[in-house]
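Have a look at the structure below before the remarks.
Protein chains in written order, with the numbering used here: chain A, 8 to 115; chain B, 106 to 219.
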């Protein structure tokens, strides 16, 4: 099956820093999403981005489908950005495959 | 608040017990999902319901039995679980199956099987 790899697995940054999270996938996909799970377990959608670039405030994402990767950019990090960021891909068979996530810890 | 409520938030059960997890959404959505998040594996989609009909079952053992009596409620019935079933179980909903890219998640039920 398709493999989804996220890097780095863990990241510790000072408040105000910028970061780039990466998601590599092993085969072509129809959909790609980024999620954030806060330290209390609440999961929210960030981006639905099968290709191209999107921005939402301090967050932006870029997917290069032909090269099978996606990047999530977080600028001017805040402590509320802490948590785990997941990438998930979907193929035509409607199976959603999640990566293991990047755990981000923003220090005040 | 996401509009998706899961109860209980925490559950401890023995391997011979029978329990149920409940999910309720007040968003008028037609699709609902069960996910499992364990410490050792990536997040896994377990079941998908669309208009109260199960449309996806991702090789989940029969000791997990979902039920969707109406479009607002989703249950996960548990029986004779194993310790490796201990995990965070997340429920989500979306406007429809076609809008699965915009899902609203509950806070989860953290299950411990002793």
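Think of the CB as a built atom: it goes at the ideal place given N, C-alpha and C, for glycine as much as any other residue.
To the nearest angstrom, how far is the alpha carbon of residue 239 of chain B from that of residue 113 of chain B? The requested residue 239 of chain B is not part of the displayed model; chain B covers only 106 to 219.
On the CB-based measure, 16 or more other CB atoms within 10 Å of its CB, does residue 92 of chain B come out buried or exposed? Not covered by the structure: residue 92 of chain B. The range shown for chain B is 106 to 219.
Counting Cβ pairs closer than 8 Å, one from the region 51-69 of chain A and one from the region 99-115 of chain A, do we hit at least three? The region 51-69 of chain A is not in contact with the region 99-115 of chain A.
Three-state secondary structure assigned by DSSP to residue 174 of chain B: The residue labelled residue 174 of chain B in the question sits at position 69 within the second chain. Three-state DSSP puts residue 174 of chain B in a strand.
Sort out for me which residues DSSP pairs residue 152 of chain B with in a bridge. Within the second chain, the letter at position 47 stands for residue 152 of chain B. Partner(s): B:139, B:162.
Who does residue 208 of chain B pair with in a DSSP beta bridge? One-based indexing of the second chain puts residue 208 of chain B at position 103. The partner list for residue 208 of chain B (beta bridge, DSSP) is empty, contrary to what the question assumes.
As assigned by DSSP and simplified to three states, the class of residue 72 of chain A: Indexing the first chain from 1 puts residue 72 of chain A at position 65. When secondary structure is reduced to three states using DSSP, residue 72 of chain A falls in the helix class.
Below 8 Å between beta carbons: does that hold for residue 211 of chain B and residue 197 of chain B? Numbered from its first residue, the second chain carries residue 211 of chain B at position 106. Numbered from its first residue, the second chain carries residue 197 of chain B at position 92. Yes; because the gap between Cβ atoms is below 8 Å, this pair is in contact.
Along the chain, where does the beta strand (DSSP E) that runs through residue 85 of chain A open and close? If you number the first chain from 1, residue 85 of chain A lands on position 78. Taken as a continuous stretch (DSSP letters only), residue 85 of chain A belongs to no beta strand (DSSP E), as it is neither H nor E.
Take residue 120 of chain B and list the residues in its own chain whose beta-carbon comes closer than 8 Å to its own, dropping the five residues that flank it on each side. On the second chain, residue 120 of chain B is found 15 positions in, with the first residue counted as 1. Same-chain partners within the cutoff: 185, 186, 187, 188, 218, 219.
Rank B:168, B:194, B:178, B:118 by C-alpha distance to the C-alpha of residue 48 of chain A and give the top, closest one. Sequence index remark: in the first chain, residue 48 of chain A carries index 41 (1-based). With distances taken between Cα atoms, residue 48 of chain A lies closest to B:194.
Counting pairs of Cβ atoms below 8 Å between the region 75-91 of chain A and the region 126-145 of chain B, do you hit three or more? Fewer than three beta-carbon pairs drawn from the region 75-91 of chain A and the region 126-145 of chain B are found closer than 8 Å, and the two stretches are therefore not classed as touching.
On a CA-only basis, which of A:43, A:102, A:32, A:73 is nearest residue 153 of chain B? Give me that one, please. In the second chain, residue 153 of chain B corresponds to position 48, counting from 1. Minimum Cα-Cα distance from residue 153 of chain B among the listed residues A:43, A:102, A:32, A:73 corresponds to A:102.
CB-CB length for residue 151 of chain B against residue 165 of chain B, believed under 8 Å: Position 46 of the second chain, counting from 1, holds the residue named residue 151 of chain B. Position 60 of the second chain, counting from 1, holds the residue named residue 165 of chain B. The beta-carbon separation of residue 151 of chain B and residue 165 of chain B, rounded to 5 Å, stays under the 8 Å limit for a contact.
When Cβ atoms are compared, which residues of the region 23-37 of chain A fall closer than 9 Å to chain B? Answer in chain order: no residues at all.
Starting from the C-beta of residue 192 of chain B, find all residues in its chain whose C-beta is less than 7 Å away, skip the five residues before and the five after it, and write them out in chain order. Here the question's residue 192 of chain B lines up with position 87 in the second chain. Correct list, in chain order: 141, 142, 143, 216.
Between residue 31 of chain A and the rest of its own chain, which residues show a CB-CB distance below 7 Å, the 5 nearest in sequence each way excluded? In the first chain, residue 31 of chain A corresponds to position 24, counting from 1. Correct list, in chain order: 12, 75, 76.
In whole angstroms, give me the CA-to-CA distance for residue 174 of chain B and residue 134 of chain B. The count along the second chain starts at 1 and reaches residue 174 of chain B at position 69. The count along the second chain starts at 1 and reaches residue 134 of chain B at position 29. Rounded to whole angstroms, the gap between the alpha carbons of residue 174 of chain B and residue 134 of chain B is 14 Å.
Of the listed residues B:199, B:155, B:158, B:190, nearest to residue 167 of chain B (C-alpha basis): One-based indexing of the second chain puts residue 167 of chain B at position 62. Among B:199, B:155, B:158, B:190, the Cα nearest to that of residue 167 of chain B belongs to B:190.
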